[in-house]
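The sequence shown runs 1 to 303 under full-length UniProt numbering.
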Amino acid sequence: MLDIRQLQYFIAVAEEEHVGRAAERLHISQSPLSRQIAQLEEKLGLTLFERSAQRIRLTRDGHTFLAEARAFITHGNRLEALAKRLGRGDEGGLCIGYIENAMHAGVLPDGLRALRATRPQVHIALYNLHSAEQIEGLRQRSLDIALLCEPPLPNDPDLDCAQVLSDPMLLALPETHPLAVKAELTPEDLAGEEWIAVLHKESVLKHDNFIAACARAGFTPDIRLEATEPLTALGLVAAGLGMAMIQHSLRQHAPAGVVVRELPWFSYRTPLWLAWHKVNLRPLVGIFRETLLEQASGVAMAA
């Protein structure tokens, strides 16, 4: 195996064509430098220099070897610089799992914008996956960060998590509906209306929790249509087919023909969790995790 230090010594002697001057340049004594060059030639089985009393010159093979040695050192320097950038989290890649609400609520886009502002060289790969798939991805190390609706268990030996969003629910109803212009809405107003339910692909439990929240608020929704996506539900509301509850973060996505109303007395919220592996092998993962947590803290304080 080549000794990088010997290569650096060789390059200096080749460029100076004088062992004494090369030794001064390298801040070492002339005798040890001569020994290192001799050892390199012996290791290679190659005569690199033509020596005389007046000067030392590269042989033809020495010229060929010099070009490759310079390229080798240059690549080594680039490799060292890359390792340092990776160690600082300035470069590398992130594999991020997410659910749609992480996009709609701005949690993921805002986090990526903040990361890109300071680390533009980072490569990002995004995967829209169910929460269970994201948790398995974290365990298998195919994902670095997960944004999901259901966190890992509190006693999970491998994974840790933190809540980054608690999204309140809003009422979406057709703009032609009589309740759209009513000053204040009560649970009794909603009891006899036709509803569009959002049956999340994540789990049936979320739907059951929503129905239970409606019951606690004082009404039972008369569900006539079911959609698997909240944006689909909004389209059905726009068509005048009923009313629906949507996350606050979807307010800006409401199409024409839909009125969105706040219900201060309705306590149900949609959570968003950030999850990661407890053993962090890469600084970049920790940096992005802290970025998301700081943003969540800022949102909570503003609220």
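For each residue, glycine too, the CB sits at the ideal point set by N, CA and C.
- In this structure, DSSP gives residue 286 a helical state, which the three-state scheme calls helix.
- CA-CA distance, residue 7 to residue 32, rounds to 14 Å.
- DSSP places residue 163 in the uninterrupted beta strand (DSSP E) bounded by 159–174.
- The closest CA to that of residue 144, considering only 297, 244 and 288, is found on 288.
- Residue 190 and residue 173 have their C-alpha atoms roughly 11 Å apart.
- Sequence-distant partners of residue 290 (beyond 5 residues in either direction) whose C-beta falls short of 8 Å from its own C-beta are missing from its chain.
- Boundaries of the beta strand (DSSP E) harbouring residue 49: 49–51, taken from the DSSP string.
- Nearest neighbour of residue 282 by Cα position, chosen from 92, 112, 21 and 76, turns out to be 92.
- Beta bridge pairing from DSSP links residue 93 with 123.
- Ranked by Cα distance from residue 242, the first of 248, 250, 227 and 253 is 227.
- Note on geometry: alpha-carbon atoms of residue 277 and residue 286 lie some 10 Å from one another.
- Taking C-beta atoms as the reference points, residue 78 and residue 17 fail to come closer than 7 Å.
- For the beta strand (DSSP E) assignment, the uninterrupted runs of no fewer than 3 residues enclosed by the stretch 217–280 are, from N- to C-terminal side, 222–227, 244–247, 258–262 and 269–277.
- Residue 128 carries a strand assignment under DSSP once its states are collapsed to helix, strand and coil.
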